[in-house]
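Asker: Below is a structure I'd like to ask you about.
Number of protein chains: 4
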Amino acid sequence: MAPTRSESAPEKLGIGMVGYAFMGAAHSQGWRTAGRVFPLPLRPVLAALCGRDAPAVRAAADRHGWAAAETDWRDLVARDDVQLVDVCTPGDSHAEIAIAALEAGKHVLCEKPLANTVAEAEAMVEAARKARERGQLAMVGFNYRRVPAVAHARRMIAQGRLGVLRHLRVTYLQDWLVDPEFPLTWRLQREHAGSGALGDLGAHIVDLAQYLAGEPLVGVSAFTETFVRERPLLAGVSGGLSGVRGAGRGPVTVDDAALFTGRLASGALASFEATRMASGRKNALRIELNGERGSLAFDLERLNELSFHDHTEPAASAGFRRILVTEPDHPYLEAWWPPGHALGYEHTFVHQARDLVAAIAAGTDPEPSFADGLQVQRVLAAVEESAAKNAVYTPVPAPSTTETPSDPEVP
Amino acid sequence: MAPTRSESAPEKLGIGMVGYAFMGAAHSQGWRTAGRVFPLPLRPVLAALCGRDAPAVRAAADRHGWAAAETDWRDLVARDDVQLVDVCTPGDSHAEIAIAALEAGKHVLCEKPLANTVAEAEAMVEAARKARERGQLAMVGFNYRRVPAVAHARRMIAQGRLGVLRHLRVTYLQDWLVDPEFPLTWRLQREHAGSGALGDLGAHIVDLAQYLAGEPLVGVSAFTETFVRERPLLAGVSGGLSGVRGAGRGPVTVDDAALFTGRLASGALASFEATRMASGRKNALRIELNGERGSLAFDLERLNELSFHDHTEPAASAGFRRILVTEPDHPYLEAWWPPGHALGYEHTFVHQARDLVAAIAAGTDPEPSFADGLQVQRVLAAVEESAAKNAVYTPVPAPSTTETPSDPEVP
Amino acid sequence: MAPTRSESAPEKLGIGMVGYAFMGAAHSQGWRTAGRVFPLPLRPVLAALCGRDAPAVRAAADRHGWAAAETDWRDLVARDDVQLVDVCTPGDSHAEIAIAALEAGKHVLCEKPLANTVAEAEAMVEAARKARERGQLAMVGFNYRRVPAVAHARRMIAQGRLGVLRHLRVTYLQDWLVDPEFPLTWRLQREHAGSGALGDLGAHIVDLAQYLAGEPLVGVSAFTETFVRERPLLAGVSGGLSGVRGAGRGPVTVDDAALFTGRLASGALASFEATRMASGRKNALRIELNGERGSLAFDLERLNELSFHDHTEPAASAGFRRILVTEPDHPYLEAWWPPGHALGYEHTFVHQARDLVAAIAAGTDPEPSFADGLQVQRVLAAVEESAAKNAVYTPVPAPSTTETPSDPEVP
Amino acid sequence: MAPTRSESAPEKLGIGMVGYAFMGAAHSQGWRTAGRVFPLPLRPVLAALCGRDAPAVRAAADRHGWAAAETDWRDLVARDDVQLVDVCTPGDSHAEIAIAALEAGKHVLCEKPLANTVAEAEAMVEAARKARERGQLAMVGFNYRRVPAVAHARRMIAQGRLGVLRHLRVTYLQDWLVDPEFPLTWRLQREHAGSGALGDLGAHIVDLAQYLAGEPLVGVSAFTETFVRERPLLAGVSGGLSGVRGAGRGPVTVDDAALFTGRLASGALASFEATRMASGRKNALRIELNGERGSLAFDLERLNELSFHDHTEPAASAGFRRILVTEPDHPYLEAWWPPGHALGYEHTFVHQARDLVAAIAAGTDPEPSFADGLQVQRVLAAVEESAAKNAVYTPVPAPSTTETPSDPEVP
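Top line first, the protein sequences correspond to chains A, B, C and D. Numbering-wise (UniProt numbering), the first sequence opens with residue 1 and increments by one. Numbering-wise (UniProt numbering), the second sequence opens with residue 1 and increments by one. Numbering-wise (UniProt numbering), the third sequence opens with residue 1 and increments by one. Numbering-wise (UniProt numbering), the fourth sequence opens with residue 1 and increments by one.
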């Protein structure tokens, strides 16, 4: 038989990606897989991968299936076969690359946190606003919204299953900095990472909390702490979490942990903890919401499960139930495996790719938007301000009239 | 055969108890049972029970096995057959009764929180100090220290199994106020209860956190909230959680929830949440401690279990283990059942009775002392002060030189 | 005030107990406590305790609160102040004592398994039948029916929440024989214990399975095994699980483990495993029932919880829920603590005492009856027969016409 | 820059796959992804996909990334660009296709169960033996061996962490047949599926039990049951679990459930349950092994976790620990994400592809072999024989001298 690609195959969408460490690998898996699992209106093509180290980026391109490799992101942004630029670099280059890509007429997907400062994030939102007028889309990569259990929780909350919210408690606990000999990678340097656990982990949980609650944080009270102030220097440039150790020690310039509390617009009380020093907790993003009619709880270490208590049931038969979020009518599950067959971490990137491609084809606004990313950035800034001022309650500025945070979509 | 009581039976210790609602029932079970399970140096005798309603207190005395009933606590305190006064009333009468009992030469066990104000607690500590010179003892009823799993956690921490502490997170979540029609009992009135979730639940978790960590909280940042501001009035006087509803509604004058963060003396970060509005959480006193060498977690809803992660193990075989705290060499377990046979809530009162009787016989200081109760009271006051001042960081005053909080004993 | 015992105090019910080891301690706690927690129509009085070793039984009587001590069970049975004989001895003396007590006009509570052989159990049932005509009652101590979560499960099943049953799987796993140096106590000797894990643990799970399902096992296929064939001899007589080691080793004459499968009357498939060799499992009595409309699961190591899946719910929100069986309308809970306050192992004996006292006062048949105990004995005999015959399917004989196993009562 | 594929790219390995339903999709994901994540010595190329329905297979090929489509498996087997044939059809065609592929000089991967009968499986083993002499490899797709937690369990057992085994208990519980209106798909017809839950689920757990224990089952006692004897007919041919309903009902000719017990070569007792009627259990493949030195437990519904109890620890600090099997030195994890980032179901197929490609490049025997698949088939046949003979103990025939089941490799 002849080759099988049929006449009606969808049009291509050329992807160019900057960065190829942890996030680069995860995004590659997303772009490669989305169209194999979901019927997509456009066919993502892994056009070109960009990184500064030519042999390394070439090897990464081969490994992950990218057709070409670039060493200057400006060249990537200029390529004709690239319609979407996916920014997977450390936070200090997000604004420059994303804005340039938008100005070059590309759609943009940018890793979280959106930027290292509120000012950068504001510029990005403005660039996205202008690009939107030209039909380009911009999305920030809060991938955990696309864990099926999280999306299903959002759906249940939108349906009113929790009623008026009273409490949120959210943690994101890891332990890779417990060892004082863990070296000083870019993630521990303010100039590259912007902040530490706060931007890396705290950004995720602030976004998730606001997404699930369907309302913003209006103010916070915060502590941050750097428990280990100096760490071994790395000899060379480091990608991802690892690196080669060099001589001597250098100062850690970001937080190891951030602990903050606050209020949502509705008056609900919320608590947040982001840390890399919680021994034995590997990826414990946990969220619990208590409302007048019910409660929901989620733990990223058991990401196929959602815990739900229906407070309207008779007390004698009520209790937190473990919903295995693998049923065909759970979000994203229609395309995967039969009930009970678990998904994993990287599926969130497949779902992110699916949703962004669908939005591009439909011309609708993808979610979370850059404005959503900016709002998270403002919360993080308020956290840092409060931590610097004896934990005093610090309001989170409201969006300006030209910014339009998404109405959280019901999946 | 003749009656069996042998010549060498231990001397009696006459107990007089004030209050016979929830705590009264639990303490009765403790006094009745301690000497049946543990070999005690003194034999507790349930001498007299006191309450204001004569027929009710007489019925309660019959039910719970008290030899006599009194309607005025002054009469109880004056009885010759009473050597120990057990104060189980609401917080507004703790100081008056406990101080009178100490001045009358009795040992005193006082329910938590020690008092409704710092000033009352200070007076109680002073009264206890003077009574101590006469050989009388005073103890505050933070019974959860005597859950075997908690005592075992204390032992492990004292042995250095966690190393330097980095994080504590503690919650005490209940849900009996979610229903806005739950009536206005004494626990919701400031003049009787002092505070709401803060004093009732928060006092427990502050004490537990400091007991387990082996160090005090030095400052806090806090929110408190009353979500339901008015509730149905009760027709009459109410004991415990229930009551008869009357006409109309009255104001709730205590907090429904308290959310606070802080630092321990060592610099560890701590978070606390006490609420009666967490749908589906019935008695979720949860504590987790993360240290450089390990972590421990406990949940009162599964009180026979302790979760432990040993961070010194190779990563490939490390993980949180569920220790079933029912082995003969776990605290208090030598006298109970074979491994795997669960204990329950009221066993903490049996253990409390055992330890207090043993201290009286030995003339040693029981723990937690009134000074420990005062220190908790100061934390609660700092929480209220911070909550009133925009959550600003509020130091907890250090003990005066005449107060001597216990060195937490290793069980 | 005068002593408080009021005129209308309930009549006494004198208890005489034989045996004072593990079960004796647990039953003592039950008899002492039942009337302090539940309003009882008769007042249990701990009249006399019996054991062969005079000083030991005297000390035990003092410890546990028995008024008198006896060294010959015939003397105990003959006492006028004893109306109920509670048999807590090893299985080889159950029949003799229980029958004598019934013939002496006493009510009888007999520990499980009812007897060491079917013939003994049949004689006991016949003695109970005759005694019943004289108004005396007989009950066998399958105390786990009185775990509130188990009783609540029975209630839900009786209400049809599971529909037609398809599967039962039941285990009772302990690990105290894993150590080959654990000594040869009476529980490891056929002449005293009748069988090993089968009679000790298997009897419990056979009774529970039939009680919950509301129907009998009709046949079984079985393996039994003694993994450690010789163990150190004990120097003297041993009570309970412990003892003093003597010289040399002797043969273990009972099973370490029994593994069997079978069918219920309705055709549901059932599997059972009883073992003392499951490392790390301390008291893992686990039962799961799957029906057309739902499933229930229980684990004695978490005895305040019941796990329930409602199969009639939409799949997207269905899942096993953890019911904390501590609500006031759960069985037995009306008299205990507020929601979320755990009960323990020995509460089952309090509940057993309550129910038996209530039955005596009302003249109704207590449950489980001796006929229920005989039926379990027949299952155990069928297990041993199948194990001896290459696991071939072995029917369980139906009750004779004079035996009347209880219709499981809905609690 | 020029295209990136470097000179030293590995040689291609052309894959031809038969079947494109559930297993086809999962295998496609495995073949597509393995080389993107792991450095492979050969590059798998998705050469051709085969199915009987031309438009459907063409669409599936497009979807899953296969270069060509075939409608006759004989044509697929004959293709020059195919070096490995992957058989994902129902069991009734495994033998014919696999033997033809081996005779045509191809490597073969065959889905489990290896065949529908022992005779077919024997013929396949013989064909594989001959092909091996020509350098071709054959592997059976027991993919669950390649869940990292399972492979890690195997490693721990091989290291002696459990000591002498005493007990295995294994279940594979699903619930998709609880609804009596679920239609009569091929999986419910003996002529296509060979058996029901037994071959589909039971084959997995028999293989896993023997793989983990490192020893075979030597005999079994069994029950099988078909609870729902008739089901709605499907109108047309059905792929996977779904289909279009037709008129009327037809007989279910396979088991809904199989319950069996047995002994391992070492004398350990084992129990197995495979069912599609366990309400609320979606994919509950659970295995627990108890040995003299420790225990391990695994649940496929939480596939990133392994539960381990170390019985050599002091009892006071021992307990089942939850190992999150996501560390870099866990099997297969060196190539995936940082600790705590979960893998999912389909990763097992990626690992299977990796291991098979590595074996082909190295010329070593892949595991599990066809002989391993035949041994499982013999266990299934013994189960059916025992079930037909009143559950009598039925030995599992030993391998003939020309069959060589794998020594389970330590991952």
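C-beta: ideal position from N, C-alpha, C; glycine also.
Out of C/Asp175, C/Ala391, C/Gly294 and C/Asp72, point me to the one whose CA is closest to C/Gly163's CA.
Answerer: The option with the nearest alpha carbon to C/Gly163 is C/Gly294.
Asker: Note down the Cα distance separating A/Ala197 from D/Leu184, rounded to an integer number of angstroms.
Answerer: Straight-line Cα distance between these residues: approximately 54 Å.
Asker: Is B/Arg79 close to chain C, meaning its C-beta is less than 8 Å from at least one C-beta of that chain?
Answerer: Not one chain C Cβ lies under 8 Å of B/Arg79.
Asker: Within 10 angstroms of its Cβ, does B/Glu120 collect 16 or more other Cβ (buried), or is it exposed?
Answerer: So B/Glu120 ends up on the buried side.
Asker: Any idea which residues DSSP pairs B/Thr275 with across the strands?
Answerer: Bridge partners of B/Thr275: B/Leu173 and B/Ala257.
Asker: Cutting at 6 Å between CB atoms, please list the residues of its own chain near D/Thr171, excluding the five before and the five after it.
Answerer: Glu273 and Arg286.
Asker: If you reduce the DSSP assignment to three classes, tell me which class A/Arg290 lands in.
Answerer: Contrary to the premise, residue 290 of chain A reads as Asn rather than Arg in this sequence. Three-state DSSP puts A/Asn290 in a strand.
Asker: With DSSP run on the structure shown, which of helix, strand or coil describes A/Ser195?
Answerer: Note: A/Ser195 maps to coil in three-state DSSP.
Asker: Counting only the same chain and skipping the five closest in sequence on each side, list residues whose C-beta sits under 8 Å from that of D/Ala69.
Answerer: Here the set comprises Ala48, Leu49, Cys50, Gly51, Ala54, Val57, Arg58, Ala60 and Ala61.
Asker: On the DSSP letters alone, give me the boundaries of the alpha helix (DSSP H) that A/Val82 sits inside.
Answerer: Run containing A/Val82: none; DSSP gives neither H nor E here.
Asker: B/Phe370 and B/Val125: beta carbons closer than 8 Å?
Answerer: In contact: B/Phe370 and B/Val125 (Cβ atoms closer than 8 Å).
Asker: B/Gly16 lies in the alpha helix (DSSP H); which residues open and close that run?
Answerer: Run containing B/Gly16: none in the alpha helix (DSSP H); it sits in the beta strand (DSSP E), Glu11 to Val18.
Asker: Mind checking who C/Leu285 pairs with in its DSSP beta bridge?
Answerer: Answer by DSSP bridge pairing, in chain order: C/Tyr172.
Asker: Threshold first: 3 residues or longer. Then list the beta strand (DSSP E) segments lying entirely within the stretch 50-80 of chain C, N to C.
Answerer: You should have 68-70.
Asker: In whole angstroms, what separates the C-alpha of A/Ile99 from that of A/Val108?
Answerer: So the two alpha carbons sit approximately 9 Å from each other.
Asker: What residues of chain D sit near A/Lys282, judged by a beta carbon separation below 7 Å?
Answerer: Per Cβ cutoff of 7 Å: Leu324, Thr326, Pro339 and Gly340.
Asker: Let me check understanding here. Comparing Cα to Cα, which of B/Ala128, B/Phe227, B/His330 and B/Ala381 lies closest to B/Gly219?
Answerer: Of the candidates B/Ala128, B/Phe227, B/His330 and B/Ala381, the one whose C-alpha sits nearest the C-alpha of B/Gly219 is B/Ala381.
Asker: Let me see if you follow: with CB-CB separation under 8 Å, is C/Gln83 close to chain B or not?
Answerer: Closer than 8 Å: no.
Asker: Using a Cβ-Cβ distance cut-off of 8 Å, determine whether B/Arg169 contacts chain G.
Answerer: No chain G appears in this structure, whose protein chains are A, B, C and D.
Asker: Just to make sure I have the definition right: I need the residues of chain C whose C-beta is within less than 8 Å of the C-beta of A/Ala153. Which are they?
Answerer: Neighbours of A/Ala153 on chain C: none; closest Cβ ~11 Å, over 8 Å.
Asker: Between the alpha carbons of A/Gly24 and D/Gly30, how many angstroms are there, rounded?
Answerer: Roughly 20 Å separates the two Cα atoms.
Asker: Relative to the C-alpha of A/Trp66, which residue among D/Arg36, D/Leu76 and D/Ile360 is closest?
Answerer: Checking every option, the nearest Cα to that of A/Trp66 belongs to D/Arg36.
Asker: Considering only C-alpha positions, which residue in the set B/Asp329, B/Ser307 and B/Leu201 is nearest to B/Met277?
Answerer: It is B/Leu201 whose Cα lies nearest to the Cα of B/Met277.
Asker: Do C/Val376 and C/Pro90 have their beta-carbon atoms positioned less than 8 Å apart in this structure?
Answerer: No, they are not a contact pair.
Asker: Exposed or buried, A/Glu230, counting other C-beta atoms within 10 Å across all chains shown (16 or more means buried)?
Answerer: Its Cβ having fewer than 16 others within 10 Å, A/Glu230 is exposed.
Asker: Here's the rule I'm using: 16 or more other beta-carbon atoms within 10 Å means buried, otherwise exposed. How should A/Ala247 be labelled?
Answerer: Exposed: under 16 other Cβ atoms inside 10 Å.
Asker: Exposed or buried, which one is C/Asp255 when buried takes at least 16 other CB atoms within 10 Å?
Answerer: By the 10 Å Cβ count, C/Asp255 comes out buried.
Asker: Taking only three categories from DSSP, how would you classify D/Pro395?
Answerer: Strand.
Asker: Using Cβ-Cβ distances below 9 Å, what residues of the stretch 30-45 of chain D are close to chain A?
Answerer: Listed by position, the residues of the stretch 30-45 of chain D near chain A (Cβ gap below 9 Å) are Arg32, Thr33, Gly35, Arg36, Val37 and Pro39.
Asker: Report yes or no: is there a C-beta of chain D within less than 8 Å of the C-beta of A/Gly14?
Answerer: No - not a single Cβ of chain D is within 8 Å of the one on A/Gly14.
Asker: Would you identify the three-state DSSP class for D/Gly373, choosing helix, strand or coil?
Answerer: In the structure shown, D/Gly373 sits in a helix (DSSP, three-state: H, G or I).
Asker: Determine, using beta carbons only, whether A/Ala123 and A/Ala158 come nearer to each other than 8 Å.
Answerer: Not closer than 8 Å, so no.
Asker: Residues of chain C with CB closer than 7 Å to the CB of D/Glu273, please, in chain order.
Answerer: Under the 7 Å cutoff, chain C gives Arg169 and Ser271.
Asker: Please go through the same chain and pick out, in chain order, the residues whose beta-carbon is closer than 6 Å to the beta-carbon of D/Glu292, but skip the five residues on each side of it.
Answerer: Contacts found: Gly163 and Val164.
Asker: Pairing CB atoms from the stretch 313-320 of chain A with CB atoms from the stretch 326-337 of chain C, are three or more of them under 8 Å?
Answerer: Yes: at least three Cβ pairs fall under 8 Å.
Asker: What is the residue span of the alpha helix (DSSP H) that A/Ser28 lies within?
Answerer: Residues Phe22 to Val37.
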